[in-house]
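A quick write-up on the structure given underneath.
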Amino acid sequence: MLLAQAAHHQVTQAGFTAPHLDYHALAPEIVLSVVLAAVLLADLVLDESKKWVIPSIASFGLLATFIPIITLALYGDDVRSMVGGAYVVDNFALVLKALFIGVGYVVLLMSSTYVEEGDYYEGEYYFLLLASIMGMIVMASSRDLITIFVALETLSIPAYILAGWRKRDLKSNEASLKYYLLGVLASAVMLYGMSLIYGYTGTTILADIGTQLQGSAAHNPLVTFAIMFVIVGFAFKVSAVPFHSWAPDTYEGAPTPVTAFLSVASKTGGFVAIFQLVFIGFLGRDDVWMPLFGVLAVLTMTVGNLVALRQTNVVRLLAYSSIAQAGYILVPLAVAGTSPDAAHSALTASIVYLLVYAGMNLGAFSIVLAVARKTRSGEISSFGGLFEYAPGLAVLMTIFLFSLAGIPPLAGAWAKIFVFRAVLDAGTPWAIALGVVAAVNSVIALFYYANIARQMWMSPVPDGDRTPIRVPTPLVTALGITVVVVVVVGIYPQLFGHLGDLASLTR
Amino acid sequence: MLLTAAIFLPVIGAAVIGVIPRAQEKALKAAALLIALATTAIGVVITLGFDFGHTGRLQFTANQRWIEVINSRYHIGIDGISLPLLLLSMVITVLCVIYSWDHFPEPHNPKAFLILMLLLETGMNGTFAAQDLILFFVFFELVLLPMYFMIGVWGGPNRQYAAIKFFLFTLFGSALMILGFLALYFKGGKTFDIQELMVTGPLLGRSTQILIFGGLFMGFAIKVPMFPFHTWLPDAHTEAPTVGSVILAAVLLKLGVYGFIRIAIPILPEAAKAWAPWIGGLAVIGIIYGALGCLAQKDMKRLIAFSSVAHMGFVMLGVATLTSFGINAAVFGMVAHGLITGMLFFIAGSIQERFGTREIARLGGLLTQAPHLGWLLGFCAFASLGLPGLAGFWGEFPAILAAYQPAPGLNVGLFRAYMVVAAIGTVFAAGYLLWMLQRVAFGTATAEFEHSHIHDVHGPEWLAWTPLLIGILVFGLFPHLIFNVTDSAVNVIASGVGGVAQAAAVVAHP
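Sequence lines, in order, name chains A and B. Residue numbers for the first sequence follow the working numbering, beginning at 1045 and rising by one. Residue numbers for the second sequence follow the working numbering, beginning at 23 and rising by one.
The structure is reproduced here in structure tokens:
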């Protein structure tokens, strides 16, 4: 029967008519494509001395991409569905596209001085960065297995190359290779799962898969395995334990702005795919993915935090911290299938967490970049006495760190409170136990975040060199944007809470 | 509006201080003092406008939209329980600014120090005014960071350990507390409003209540701190700079007890009854343990810290009786402990500054070298041990008495046993305080300091201390100044657990 269904599908596809395209809905992607082309051309024709124009084109281009997102949010239909439901622009997509572009913009600001001063290719760097962002904003609208896969590869492949950008550095080479090999492995696992799902349901559209996997007929071991394969594939992407082994080495070896990009944007891309798959496609099979996410969440939080305790390199520490943070984002998913209400607050919690996490993590990486300009070191001890010679940077870093730790009234606290709320909304004993594990983990995490704060405020300057740090303007802008997000959302959390609430997925 | 100003003026002040250059120390100090005084002035205006005829009713309320997604509102207001504590927090901040005028601890940096102090004040004032659980949580946590840095940067030799220990302990408690708050939200009709939860909370099933109370208990008991969660306190106090110790002892410890009285007991009365014997038991263990701990201390500040554990034991015993009599005693005890222990830490700080040590064995003959300071130490020691006529008495004695007749449903025999233990505790208290006084103030100076010139209490110290000394004396002589304010507010709390009628009986036949 299944084969017949699939065959039928093929036949209807044969008589091809051009799908109706909503150009307003596609405007962000179109604008970004134009910018991509412009960056590539500019790199081709510009003289070496004029390469500084490229980051400007890229950043103005990203800002231009923002305009259609705003007009889409303000005018017209709430849901714009294309190609038989494979490509959907709804509030969920808009919120996340805005997040990706915002993150991309901050990463551009972080990169410009770094790439200019280092001995790197400039034009290609921005091209690849924008290409990866392109994959992400496509991902936010993908409601179809194939589109998801294409978006995932579009966002990943440039990232593999960017990770190896410091090409004369062995660590960077290792970072790139490791990331590439494990990424491809993850893609393969995921594709296998997707092919099984297609084989069973005869469709690649998530909404149709969702209908078919509803009810008892879908309790088929084949489907169970397929869902597990797909989720495990994305677990690699979001570096959930035990599929995280690539992350610390890749993060340490990659250029720091790229690390920031990977740990925020690329991870968010993975999560967006998971949300769409789980909340639209696999909703009927919560018996498979709830326990799976539960185990992944507990392992990811606990292992991430415990290993982070032992780090002496600040980038590695932030790598493990970002693994642990992914654990908190996974927690709501582990209870999302309990009831429609629980599903709603789970999705809200995860999205709010992603929004807040982007702000605070990019902020922390910006400080690492700024401090490394002077100390040329990634050791935590190089932060010693920072408060004495760079009080501004020390205060900002303190804000980012304690936001990551979840101390109110900073944004990170609300992200955690939303996660706890989702857990208690589900209300099952298993959910509450998960909440307690998350709560205990957030206390463990404080220890290593506070350790950096301790170095900055309470330790002497390691080499006695108190010359102030000159922070380049783009980096100052990046710090400004991120700290405003962390503090304003901390005082008025309604801002992101509302966005998260709004961003319910269209089924 | 006034209350909002009283909460946020300090943080605005902190921002103002933030833009004054670091080098202009005079301006920094003057600005901080001005802001602290202005905040206290608002407190005075609030007190004058406070309707003392209805202290059980929330006054100076504000109720604005805040986080609609989770139905949390900016709801503040004060009643007779909040008012004395709010004033205490304001006054202590002013006195701390005055005291630190010319002795900022190393590494100096008055700018950062004063900013932290004002941030602390916002957190403290806000906690005492919050009527929404999430708002309460934010203010409750807001005090953590400034205190962490105050201890960690300006503290003694072992400061980094003490600071992180303080932080981790408290955060562990509050992580469980926020889970409790969220559970209340879902079980109690999707609201975080304390007043609304006081209606819906008591309707919850007994086992649910007990579980949620457990979460809240961890948050509040660690902050108090109750035995066995007290171990962060001696370290924090010993290492903190003088002003940090004073704020910690005088106000921060009260946040935990206040949480029990404001949130845990009225919202979860059934659970409060189930937990009360345990709380009472831990409280009396705290009394005895703290006292024995004191006897073993060599460091003055550490001794006072352990005495805090004992005193908070009396306060928690009063709370555990769940009677209006006991809770009144607890609120009085908090104010009294704030004044007296704050004073003791000031004196310990001044002794440290003069002698360069707080080790009791190396001190002696303070009365001969600095008679005023010696007498003040004596005065505070007597106040602390609960001498009738001074404030300490009215915190301790009624708390012990309240245990004679706890709220209905509690085991009378058990609480009477607690009463006896607590009474023995007062004897210990007299023992360790007088012994300390004897070793530090009496006799002659040790050979080490025999010929050093020790200057007596000076200007800023008198300025900072006089209000506290007056408070200790006035509230000791006229306890009704506080009891009258707290009583009907406490009745509202205690009526939920049926502890009101009992209290009247005890007062009539003590």
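For glycine and all other residues, C-beta sits at the position ideal for the given N, C-alpha and C.
### Task
Could you list the residues in the stretch 1490-1521 of chain A with a C-beta less than 9 Å from some C-beta on chain E, going in chain order?
Here chain E cannot be found, since the structure's protein chains are A and B.
### Task
Spatial neighbours of Leu1327(A) within its chain, please: CB distance less than 6 Å, with the 5 preceding and 5 following residues excluded, ordered by chain position.
Gly1254
### Query
Is Val357(B) near Leu117(B), with beta carbons less than 9 Å apart?
no
### Task
Could you list which residues in chain B have their beta carbon closer than 7 Å to that of Phe1446(A), in chain order?
Leu167
### Task
Pull out every residue of the stretch 191-214 of chain B whose Cβ sits closer than 7 Å to any Cβ of chain A, in chain order.
Leu193, Phe194, Ala197, Leu198, Ile200, Leu201, Leu204, Ala205, Phe208
### Query
Excluding five sequence neighbours on each side, which residues of the same chain lie with their C-beta closer than 8 Å to the C-beta of Val1055(A)?
A caution first: Val1055(A) carries a pLDDT of 49, below 50, which makes its placement in the model unreliable, though a value can still be read off. Excluding residues within five positions, none has a Cβ falling inside 8 Å.
### Query
Does any residue of chain B bring its CB to less than 9 Å from the CB of Ile1552(A)?
Outside the displayed range of chain A (1045 to 1551) lies residue 1552(A), so it cannot be described from this structure.
### C-alpha gap between Ile1241(A) and Leu193(B), whole angstroms
45 Å
### Three-state class that DSSP yields for Gly202(B) in the structure shown
helix
### Task
Report yes if the C-beta distance between Phe1462(A) and Thr1392(A) is below 9 Å; otherwise report no.
yes
### Task
Taking 9 Å as the cut-off, decide whether the C-beta atoms of Pro1376(A) and Ser1365(A) are in contact.
no
### Query
Taking one C-beta from the stretch 1169-1176 of chain A and one from the stretch 1123-1139 of chain A each time, how about it: are there three or more such pairs within less than 8 Å?
no
### Message
Tell me which residues share the same chain as Gly202(B) and place their Cβ nearer than 6 Å to its Cβ, disregarding the 5 neighbours each side in the sequence.
### Response
Ile234, Gly237, Leu238
### Query
How long is the line joining the alpha carbons of Ala36(B) and Ala1232(A), rounded to whole angstroms?
56 Å
#### Entry: Straight-line Cα distance separating Gln374(B) from Met322(B)
9 Å
### Query
Quick one: what's Ala1390(A) bridged to in DSSP?
Ala1390(A) is not bridged to any residue.
### Element boundaries [beta strand (DSSP E), containing Thr83(B)]
81-89
### Query
Roughly how many angstroms separate the alpha carbons of Thr1109(A) and Leu1116(A), rounded to a whole number?
11 Å
### Gly520(B) and Gly431(B) closer than 9 Å at C-beta
yes
### Task
With a 10 Å radius around its C-beta and 16 neighbouring C-beta atoms as the bar for buried, classify Asn1349(A) as buried or exposed.
buried
### Task
In the DSSP assignment, find the beta strand (DSSP E) that holds Ile100(B) and state where it starts and stops.
94-100
### Contacting residues, own chain, Cβ-Cβ under 7 Å from Ser1200(A) (five flanking each side not counted)
Gly1227
### Query
How would you call Arg324(B), buried or exposed, if buried means at least 16 neighbouring beta carbons within 10 angstroms?
buried
### Task
Label Lys1281(A) either buried or exposed according to how many other C-beta atoms from any shown protein chain fall within 10 Å of its C-beta, with 16 as the threshold for buried.
buried
### Message
Going by DSSP, what residue range makes up the alpha helix (DSSP H) through Tyr1131(A)?
### Response
Note, Tyr1131(A): premise wrong, no alpha helix (DSSP H); beta strand (DSSP E) at 1131-1133.
### Query
At a Cβ threshold of 9 Å, is Tyr170(B) touching chain A?
yes
### Query
Cα separation between Met365(B) and Thr1382(A)?
55 Å
### Query
For Met1126(A), which beta-bridge partners are listed by DSSP?
Tyr1131(A)
### Query
Can you name the residues of chain B whose CB is closer than 7 Å to the CB of Pro1453(A)?
Val160, Leu164
### Message
Using 9 Å as the threshold, is the C-beta distance between Ile1308(A) and Asn1405(A) below it?
### Response
Looking at the sequence itself, residue 1308(A) is Val, so the reference to Ile does not match. Yes, these two residues count as a Cβ contact at 9 Å.
### Message
Give me, in chain order, the residues of the same chain whose beta-carbon lies closer than 6 Å to that of Thr343(B); leave out the 5 immediate sequence neighbours on both sides.
### Response
Ala424, Ala425, Pro428
### Query
Out of curiosity, what's the CA-to-CA distance linking His1388(A) and Ile1373(A)?
14 Å
### Query
Could you check where the alpha helix (DSSP H) with Pro1537(A) kicks off and where it finishes?
No alpha helix (DSSP H) contains Pro1537(A), which DSSP labels as neither H nor E.
### Query
Going straight from the alpha carbon of Glu218(B) to that of Leu155(B), what length do you get?
11 Å
### Message
What residue range does the alpha helix (DSSP H) around Glu1166(A) cover?
### Response
Counting along the chain, Glu1166(A) falls outside any alpha helix (DSSP H), and DSSP gives it neither H nor E.
### Task
Counting only the same chain and skipping the five closest in sequence on each side, list residues whose C-beta sits under 6 Å from that of Phe1305(A).
Val1151
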